[in-house]
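Presented below is the structure to which this report refers.
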Amino acid sequence: MRDQKRKHDQEYTYYSKKNLNQNDGLVVYVRKEINVKASEPDISEGNCLLLDIGGYSVVCSYRPPCYSNPRKYIESLDNLFKKIKNKNIVFRGDININTLPCNVIVNDSVNDYLCLMASHGLQQAITLPTRTNSCLDHFMIRTNAIWQTSVFPELTDHSHGTLVCQKFIDPAQSILWIISALLRNSGK
C-alpha cells in the first residue's frame, strides 16, 4: 500500500485510494504498536481494505447504494475470501444490502450475499437495524475466539457498530481486541 499509511496522533491511518466517486472510500485507524500488513484488493462496484493483524484478516468494505445489483460485488468478495489464508476473518462494511430477516425472504441478492458469507464460514454478527429499519452495515466473523457486537444507534445517519473479540494468548493471559467502525452515508 504505497503512500497509504499516514500518521494521525498516536495511530496510523490506512485509507482507500481506488474510489468510485467523490463520496466513497474507507479509513481505518490502527494503533502504531500493532503490526499490520495492509493492502487494497480490487473489488467490483465497491472499495476494500485488507489488514492482516496477527492471526486475523480484517476486511473493510464499502459498496455505494448507486449499484442496484450486487452480483459483481458478491463475486469479487468470493474471490477475495478464497485468497485469504488466515483462519480468523473479520468482515466490516457499509454494504447497502439489507440483511434484516424480512428482506431475506423476498430478495435473492441478500440470500446470495449471506450464502457466500456462510460458505466461507463467516457468521453474521449484527442483526439489528443500522440505518432506519435496515441492516446495511455488517460485521461478519469467522473465529474460535469469544466475541460480542454492540450497535449504538443514530450517532450519524448510520449506527455505530463495535466488535469485541477475546483472543487467548495463553491460559494465564488474554487481550481484548476491539474493532470499531463509524460508517456514515455521504448524504444519499
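The numbers in the sequence shown follow our numbering, run straight up by one, and end at 205.
Virtual Cβ for every residue (Gly too), placed ideally from N, Cα, C.
Would residue i and residue j be called neighbours here (beta carbons separated by less than 8 Å)?
| i | j | result |
| --- | --- | --- |
| Ile-106 | Tyr-130 | no |
| Arg-80 | Tyr-73 | no |
| Asp-154 | Thr-160 | no |
| Asp-69 | Val-53 | yes |
| Pro-87 | Ser-126 | yes |
| Ser-78 | Ile-112 | yes |
| Glu-57 | Lys-35 | yes |
Can you round the beta-carbon distance between residue i and residue j to whole angstroms, since I take them to be within the 8 Å contact cut?
| i | j | result |
| --- | --- | --- |
| Ile-158 | Ala-142 | 5 Å |
| Phe-108 | Leu-139 | 6 Å |
| Val-76 | Leu-97 | 7 Å |
| Phe-156 | Thr-166 | 5 Å |
Just mark residue i as buried or exposed, buried being the case when its beta carbon has 16 or more other beta carbons within 10 Å.
| i | result |
| --- | --- |
| Arg-48 | exposed |
| Gly-63 | buried |
| Ser-33 | buried |
| Leu-94 | buried |
| Ser-191 | Residue placement at Ser-191 cannot be trusted, given a pLDDT of 39 that sits under 50; what the coordinates show is reported in the next sentence. Exposed. |
| Cys-152 | buried |
| Ser-85 | exposed |
| Leu-145 | exposed |
| Ala-55 | buried |
| Asn-38 | exposed |
So if DSSP puts residue i in a beta bridge, which residue, or which two residues, is it bridged to?
| i | result |
| --- | --- |
| Arg-159 | Ile-106 |
| Asn-64 | Tyr-79 |
| Ile-70 | Val-53 and Tyr-73 |
| Asp-41 | DSSP output for Asp-41 lists no bridge partner at all. |
| Tyr-84 | Per DSSP, none; premise fails for Tyr-84. |
| Asp-111 | Tyr-79 and Asp-154 |
| Thr-116 | None; Thr-116 has no bridge partner. |
Mind checking which residues open and close the beta strand (DSSP E) that includes residue i?
| i | result |
| --- | --- |
| Arg-48 | 44–48 |
| Ser-151 | Per DSSP, Ser-151 belongs to no beta strand (DSSP E) and is neither H nor E. |
From which residue to which residue does the alpha helix (DSSP H) around residue i run?
| i | result |
| --- | --- |
| Lys-100 | 88–100 |
| Leu-133 | 125–136 |
At the 8 Å Cβ level, is residue i part of the contact set with chain B, yes or no?
| i | result |
| --- | --- |
| Gln-39 | Given the protein chain composition of this structure (a single chain), no chain B is represented. |
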